[in-house]
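First up is the structure itself, then whatever we jot down about it.
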Amino acid sequence: MKINPEQRRKAETLYLILAGLFITSLVTSNLIFQKFFHWNPFGLFEFQLSVGIIAYPVTFLITDIISEVYGQKRAQKVVLAGVFASFFALLIIVVSSLAPATEWSPLSDTEFDKAFSFTYLAVAASLAAYLLAQFLDVQIFHFWKRTTRGKHLWLRNNLSTFASQFVDTFTVLFLLCSFGVIEWHLFGMLLANGFLFKVLMALLDTPFAYLAVFGLRRHFGLKGHGTELQLDVEEIEQTVLK
Numbered sequence: 165m166k167i168n169p170e171q172r173r174k175a176e177t178l179y180l181i182l183a184g185l186f187i188t189s190l191v192t193s194n195l196i197f198q199k200f201f202h203w204n205p206f207g208l209f210e211f212q213l214s215v216g217i218i219a220y221p222v223t224f225l226i227t228d229i230i231s232e233v234y235g236q237k238r239a240q241k242v243v244l245a246g247v248f249a250s251f252f253a254l255l256i257i258v259v260s261s262l263a264p265a266t267e268w269s270p271l272s273d274t275e276f277d278k279a280f281s282f283t284y285l286a287v288a289a290s291l292a293a294y295l296l297a298q299f300l301d302v303q304i305f306h307f308w309k310r311t312t313r314g315k316h317l318w319l320r321n322n323l324s325t326f327a328s329q330f331v332d333t334f335t336v337l338f339l340l341c342s343f344g345v346i347e348w349h350l351f352g353m354l355l356a357n358g359f360l361f362k363v364l365m366a367l368l369d370t371p372f373a374y375l376a377v378f379g380l381r382r383h384f385g386l387k388g389h390g391t392e393l394q395l396d397v398e399e400i401e402q403t404v405l406k
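As numbered in the working numbering, residues 165 to 406 make up the sequence shown, in order.
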């Protein structure tokens, strides 16, 4: 659906905000992954998880919102931006590790290296899993969007997330265990914990997906199931020329 220049500017601003939240969640999850915690909701099941998993489900919620309102191409661009951001964060960490700490530095070289020693492997493993999972998420989301003719957002939101989250959890744990970052005997437990937690988060974020999509559709006047904003390069260039 085409929109006027003022609406286009607002749409681009919101897109940048969503992209910023996506990249922040992705990079943060890679930096803090070495701390593990336990969580027992209502005494039903005790999760043992990396704190990195707290931010990561947000990335799938955001790509689903962008896919629904802005379309598949815009969602894929955000995924690629996340890849470059992760590589850049890794480069900064490498340079910071090489810089010698002063005697009065709150963190010594040893403490800094301990905190970020596995970040290189974590980012590499996360990026491999991330590329597979996020592109799978976008593809499955739009497959179900076409199949349901734009109806049943809850279905494509959850089915795409369930499949991509399993691929993501399995891949990153497999690579981390292969490189000796995590011991193999923890693989099964962490896989079950991580996947179940992500499924739970996917179910819980469905109302937020509906709220965000409904709000954006109403704001931009998108009518009809599956209608998306049209913000291609040619239209933007014409707006700038005016």
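Note that beta-carbon positions come from the ideal geometry of N, C-alpha and C, so glycine has one too.
Extent of the continuous alpha helix (DSSP H) run through residue i
{"i": "Leu-368", "result": "351–384"}
{"i": "Leu-213", "result": "Segment 211–214 is the beta strand (DSSP E) holding Leu-213; no alpha helix (DSSP H) there."}
{"i": "Phe-248", "result": "236–262"}
{"i": "Arg-172", "result": "169–195"}
{"i": "Thr-274", "result": "273–280"}
Rounded straight-line distance, which links the Cα of residue j to that of residue i
{"i": "Glu-392", "j": "Val-336", "result": "33 angstroms"}
{"i": "Gln-402", "j": "Leu-350", "result": "For Gln-402, the predicted structure reports a pLDDT of 41, less than 50, and the residue's modelled location is therefore unreliable. The matter cannot be settled from this model."}
{"i": "Asn-357", "j": "Phe-211", "result": "6 angstroms"}
{"i": "Glu-399", "j": "Ser-250", "result": "Any answer about Glu-399 is weak, because its pLDDT of 46 lies below 50 and its placement is not dependable; what the coordinates show is given next. Looking at the two C-alpha atoms, the distance is approximately 31 angstroms."}
{"i": "Gln-329", "j": "Arg-310", "result": "21 angstroms"}
{"i": "Phe-224", "j": "Asn-168", "result": "29 angstroms"}
{"i": "Leu-180", "j": "Ala-327", "result": "27 angstroms"}
{"i": "Ile-229", "j": "Phe-252", "result": "25 angstroms"}
{"i": "Glu-275", "j": "Leu-262", "result": "13 angstroms"}
{"i": "Leu-375", "j": "Phe-299", "result": "24 angstroms"}
{"i": "Asp-114", "j": "Arg-320", "result": "Limits of the chain in this structure are 165 at one end and 406 at the other, which puts residue 114 out of reach."}
{"i": "Asn-322", "j": "Glu-267", "result": "51 angstroms"}
{"i": "Leu-386", "j": "Tyr-234", "result": "11 angstroms"}
{"i": "Leu-178", "j": "Ile-226", "result": "12 angstroms"}
Short CB-CB distance (under 8 angstroms) between residue i and chain B
{"i": "Lys-174", "result": "No chain B is part of this structure, which consists of one protein chain only."}
Contact belief for residue i with residue j at Cβ below 8 angstroms, rounded distance in angstroms
{"i": "Pro-368", "j": "Thr-333", "result": "Note on residue identity: the sequence assigns Leu, not Pro, to residue 368. With 8 angstroms as the limit, Leu-368 and Thr-333 do not qualify as a contact, their Cβ atoms being about 17 angstroms apart."}
{"i": "Ile-257", "j": "Phe-280", "result": "5 angstroms"}
{"i": "Phe-384", "j": "Ala-175", "result": "6 angstroms"}
{"i": "Ser-189", "j": "Val-222", "result": "4 angstroms"}
Closest Cα partner of residue i within the set the options
{"i": "Ser-214", "options": "Lys-387, Asn-194, Gln-171 and Ser-261", "result": "Asn-194"}
{"i": "Ala-239", "options": "Leu-295, Glu-267, Glu-275 and Leu-271", "result": "Leu-295"}
{"i": "Ala-297", "options": "Thr-266, Val-247, Glu-275 and Ser-261", "result": "Val-247"}
{"i": "Leu-395", "options": "Ile-217, Thr-325 and Lys-241", "result": "Lys-241"}
{"i": "Leu-254", "options": "Val-191, Lys-237 and Gly-385", "result": "Val-191"}
{"i": "Glu-232", "options": "Ile-257, Trp-308 and Val-258", "result": "Trp-308"}
{"i": "Gln-303", "options": "Ser-272, Thr-325 and Trp-318", "result": "Thr-325"}
{"i": "Ala-293", "options": "Asp-277, Leu-340, Ile-346 and Arg-172", "result": "Leu-340"}
{"i": "Phe-209", "options": "Met-353, Val-377 and Phe-378", "result": "Met-353"}
Residue i, enclosing beta strand (DSSP E) - first and last residue
{"i": "Phe-200", "result": "200–203"}
Pairs of beta-carbons, one from the stretch 167–187 and one from the stretch 198–206, closer than 8 angstroms: are there three or more? Contact fails: fewer than three Cβ-Cβ distances are below 8 angstroms.
The stretch 360–377 in contact with the stretch 205–221 per 3-pair CB rule at 8 angstroms: yes
Pairing CB atoms from the stretch 306–315 with CB atoms from the stretch 368–387, are three or more of them under 8 angstroms? no
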